[in-house]
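Enquirer: In terms of UniProt numbering, the sequence shown is residues 1 to 424.
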Amino acid sequence: MAITIILGSQWGDEGKGKLTDILAPEAKLCARAAGGHNAGHSIVMNFIGSGVVFNVPQFFKELQDLSDKGLEAVHDRIRVSDRVHIDLQLHIAADGLEEQELGEGKIGTTGRGIGPSYSCKAARSGIRLADVFNPKLFEQKLRRLADGYRKRYGDLFKYDVEEELAQFAEYREKLRKYSVDGVSFMKTAQKSNTPILIEGANVRILADSGDAVLIPFIQALMLDLDYGSYPLTKQYVTSSNTSLAGIIGGLTLDPTKITDIIGVVKAYTTRVGSGAFKTEDLGEVGTKLQEIGREWGTSTGRRRRCGWLDLVVLKYSNDINNYTALNLTKLDVLDTFETIRVATAYKIDGKEIESYPADLDILDQCEVVYKDFPGWQTPTTNAKSFEELPKEARAYVEFIEEYVGVKIKYIGTGPDREAMIKRA
1 MAITIILGSQ WGDEGKGKLT DILAPEAKLC ARAAGGHNAG HSIVMNFIGS GVVFNVPQFF
61 KELQDLSDKG LEAVHDRIRV SDRVHIDLQL HIAADGLEEQ ELGEGKIGTT GRGIGPSYSC
121 KAARSGIRLA DVFNPKLFEQ KLRRLADGYR KRYGDLFKYD VEEELAQFAE YREKLRKYSV
181 DGVSFMKTAQ KSNTPILIEG ANVRILADSG DAVLIPFIQA LMLDLDYGSY PLTKQYVTSS
241 NTSLAGIIGG LTLDPTKITD IIGVVKAYTT RVGSGAFKTE DLGEVGTKLQ EIGREWGTST
301 GRRRRCGWLD LVVLKYSNDI NNYTALNLTK LDVLDTFETI RVATAYKIDG KEIESYPADL
361 DILDQCEVVY KDFPGWQTPT TNAKSFEELP KEARAYVEFI EEYVGVKIKY IGTGPDREAM
421 IKRA
């Protein structure tokens, strides 16, 4: 078995979906280790596993969208582990209030309840799909959660527990046809020749099948709960582990089966929401990157903060994930810039620091050291090989490779699927 893992190496939105789309046809199994329905690209799947938080209304909405497009058979090809945790309307209501509590330090979440859902899971108070089929237990757990949030937020907590109970009374029988024991389902599935796309389940049972496995991770390293830009509160990071270690643990992978770990990095840097961003440009450059790169979220429509590529962040990301290759995306966005900058170091009191600091107060004090490159000021979109890129663009790519110590195997030069240079 050959396992390929695709990881975001910045703060998300690097363009992982495009590489996943290119590599997925080569794989029998496509697995997602964690997350919810806040991610901006969608992959059709057969099995939703235990590692995600499951939003039932969104699930049925997407099924209806597929039915409206004439894909009725999809209902017979989708199954959900009975161990998934449910992302409730209750969590969505709490998400907004938690953002308000943080004030100016708010996270900038997608507001879809993902964080509160994971919080309940970690606190052992979450509700799983199996609980939905036990009406008495489901009601007991839901009322207990609602009471807890009311004690915390008082009248600010705008949530109707009776409405959600009634909603799930309607969902209960509809959900039953999709709910399965995940382990049994996968044991049966591996005996067939049907290609499998799964989201957050145990894939060890396919370890000796000889098939290729592709694991795209929706989030990015700098949002990781352990290694991301984590302050004393839960601001700035996501609710799950987004590093290589998080994937291995979340999917119970055999590390010896992993053949490729591909880090995806934009040719510049973007970030959604609040948080440290040392190379952010609040002037003309940032605006130009935002407009040319069409930098606004597909889930939320929020504009992304933009700035130059930060190689300190990329090297830190590689130190944790040990990439075997990189995918540099959106190189074409830089086509019209006369000068292109990259951050190569951070300094405090004139002295370079060795790595990305854990203390955000120290990070705030850092001065960024930049290296300037001449722009190529010619389109790169039509380049079909590395040699066809302008020499200035090649120099930019080669400097990144040398600095990080990892080969850039894929170079994105446009939004189309075909606009991807693959290097040997």
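Where is the CB? At the ideal position from N, CA and C, for every residue including glycine.
Model, not experiment: these values are computed from the prediction.
What are the uninterrupted segments assigned as alpha helix (DSSP H) that are 4 or more residues long and contained completely in the segment 47 to 135, given in chain order?
Expert: You should have 56 to 68, 89 to 102, 114 to 122, 129 to 132.
Enquirer: Answer with yes or no whether the minimum CB distance from E170 to chain D is below 8 Å.
Expert: Note that chain D does not occur in the displayed structure, where there is just one protein chain.
Enquirer: Can you name, in chain order, every residue of its own chain whose Cβ lies under 8 Å from the Cβ of V369, other than the five neighbours on each side?
Expert: Taking the sequence shown and counting its residues from 1, one reaches residue 369 at position 369. Here the set comprises A343, T344, A345, Y346, K347, E352.
Enquirer: For the 8 Å Cβ check, are there 3 or more pairs between the segment 60 to 75 and the segment 139 to 157?
Expert: no
Enquirer: Just the C-alpha distance for I292 and K371, rounded to the nearest angstrom, thanks.
Expert: Your numbering for residue 292 matches position 292 in the sequence shown. Your numbering for residue 371 matches position 371 in the sequence shown. If you take the alpha carbons of I292 and K371, they lie about 22 Å apart.
Enquirer: Does the distance from the CB of D87 to the CB of G113 come in under 8 Å?
Expert: Taking the first residue of the sequence shown as position 1, residue 87 is located at position 87. Taking the first residue of the sequence shown as position 1, residue 113 is located at position 113. Going by C-beta atoms, D87 is nearer than 8 Å to G113.
Enquirer: For R417, collect the residues of the same chain with a Cβ closer than 7 Å to its Cβ; drop the 5 residues on either side in sequence, then sort them by chain order.
Expert: Here residue 417 refers to the residue found at position 417 when the sequence shown is read from its first residue. Here the set comprises K18, D21, I22.
Enquirer: Apply the 10 Å Cβ neighbour rule to K422 and answer buried if 16 or more other Cβ atoms are within range, or exposed otherwise.
Expert: In the sequence shown, counting from the first residue as 1, residue 422 sits at position 422. Burial call: exposed.
Enquirer: Under 8 Å: do the segment 161 to 171 and the segment 128 to 143 share three or more Cβ pairs, one atom per stretch?
Expert: yes
Enquirer: Along the beta strand (DSSP E) that carries F373, what are the first and last residues, could you check?
Expert: Locating residue 373 in the sequence shown gives position 373, where the first residue counts as 1. Where F373 is concerned, the enclosing beta strand (DSSP E) stretches over 367 to 374.
Enquirer: As a quick exercise: from L314, R152, G126, pick the residue whose alpha carbon is nearest that of E141.
Expert: As a first step, residue 141 is located in the sequence shown; it is residue number 141 there, counting from the start. Looking at the sequence provided, one finds Lys at residue 141 rather than Glu. Comparing Cα positions, the closest option is G126.
Enquirer: Please give the ranges of any beta strand (DSSP E) in the segment 327 to 387, keeping only runs that are unbroken, at least 3 residues long and fully inside the region.
Expert: Complete beta strand (DSSP E) runs here, min 3: 339 to 348, 367 to 374.
Enquirer: Would you kindly work out how many angstroms separate the C-alpha atoms of T380 and Y356, rounded to a whole number?
Expert: For the purposes of this step, residue 380 is taken as residue 380 along the sequence shown, with counting starting at 1. For the purposes of this step, residue 356 is taken as residue 356 along the sequence shown, with counting starting at 1. When rounded, the distance between both Cα atoms is 32 Å.
Enquirer: What residue range is occupied by the uninterrupted alpha helix (DSSP H) comprising T20?
Expert: Reading the sequence shown from its first residue, position 20 is the one you call residue 20. From DSSP, the alpha helix (DSSP H) with T20 extends over 16 to 23.
Enquirer: What would DSSP say about R294, mapped onto helix, strand or coil?
Expert: Taking the sequence shown and counting its residues from 1, the one referred to as residue 294 is at position 294. It is coil, neither helix nor strand.
Enquirer: Between the C-alpha atoms of A325 and R271, what's the straight-line distance to the nearest angstrom?
Expert: For the purposes of this step, residue 325 is taken as the residue at position 325 of the sequence shown. For the purposes of this step, residue 271 is taken as the residue at position 271 of the sequence shown. When rounded, the distance between both Cα atoms is 23 Å.
Enquirer: Quick check: V397 and L328, are their CB atoms within less than 8 Å of each other?
Expert: The residue labelled residue 397 in the question sits at position 397 within the sequence shown. The residue labelled residue 328 in the question sits at position 328 within the sequence shown. A contact, by the Cβ cut-off of 8 Å.
Enquirer: Can you have a look at Q10 and say buried or exposed, based on whether 16 or more other CB atoms are within 10 angstroms of its CB?
Expert: Along the sequence shown, one-based indexing puts residue 10 at 10. Label assigned to Q10: buried.
Enquirer: List the DSSP bridge partners of D147.
Expert: Translated into positions along the sequence shown, residue 147 becomes position 147. Here D147 is not bridged, per DSSP, to any residue.
Enquirer: Would the beta-carbon of H85 fall within 8 Å of that of V56?
Expert: To locate residue 85, count along the sequence shown from 1; it is residue 85. To locate residue 56, count along the sequence shown from 1; it is residue 56. Their beta carbons are not under 8 Å apart, which means H85 does not touch V56 by this criterion.
Enquirer: Whole angstroms are fine: how far does the CA of L137 sit from the CA of S317?
Expert: For the purposes of this step, residue 317 is identified with residue 317 of the sequence shown, where counting begins at 1. For the purposes of this step, residue 137 is identified with residue 137 of the sequence shown, where counting begins at 1. The alpha-carbon of S317 is positioned some 43 Å away from that of L137.
Enquirer: Quick one: using the 10 Å Cβ neighbour count with 16 as the cut-off for buried, is R79 buried or exposed?
Expert: Position 79 of the sequence shown holds residue 79. Classification for R79: buried.
Enquirer: Looking only at DSSP bridge pairs, what is E280 linked to?
Expert: Walking along the sequence shown from the start, residue 280 turns up at place 280. According to DSSP, E280 bridges with G307.
Enquirer: Quick one: what does DSSP say Q397 is sitting in, helix, strand or coil?
Expert: If you number the sequence shown from 1, residue 397 lands on position 397. For clarity, residue 397 is Val in the given sequence; the question names Gln instead. In this structure, V397 counts as helix in the three-state DSSP scheme.
Enquirer: Closest by CA to D364, which one among K409, R302, F399, T279?
Expert: Walking along the sequence shown from the start, residue 364 turns up at place 364. D364 has its Cα closest to that of T279, out of K409, R302, F399, T279.
Enquirer: What is the DSSP secondary structure of D260, counted as helix, strand or coil?
Expert: Reading the sequence shown from its first residue, position 260 is the one you call residue 260. Residue state, collapsed to three classes: strand.
Enquirer: Considering only the alpha carbon of each residue, which of Q377, G15, A276, G70 lies closest to A358?
Expert: By one-based count along the sequence shown, residue 358 stands at place 358. Answer by Cα proximity: A276.
Enquirer: Please classify A123 as buried or exposed, where buried requires at least 16 neighbouring CB atoms within 10 angstroms.
Expert: Walking along the sequence shown from the start, residue 123 turns up at place 123. Result: exposed.
Enquirer: Between T269 and V180, what straight-line distance do the alpha-carbon atoms span, to the nearest angstrom?
Expert: As a working mapping, residue 269 is identified with position 269 in the sequence shown. As a working mapping, residue 180 is identified with position 180 in the sequence shown. For T269 and V180, the distance between alpha carbons rounds to 41 Å.
Enquirer: How would you label N382, buried or exposed, when you count the other beta carbons within 10 angstroms and need 16 or more for buried?
Expert: Against the sequence shown, residue 382 aligns to sequence position 382. Classification of N382: exposed, given that the 10 Å Cβ count is below 16.
Enquirer: Tell me which residues share the same chain as K177 and place their Cβ nearer than 6 Å to its Cβ, disregarding the 5 neighbours each side in the sequence.
Expert: Within the sequence shown, the letter at position 177 stands for residue 177. Cβ neighbours of K177 beyond the five flanking positions: none.
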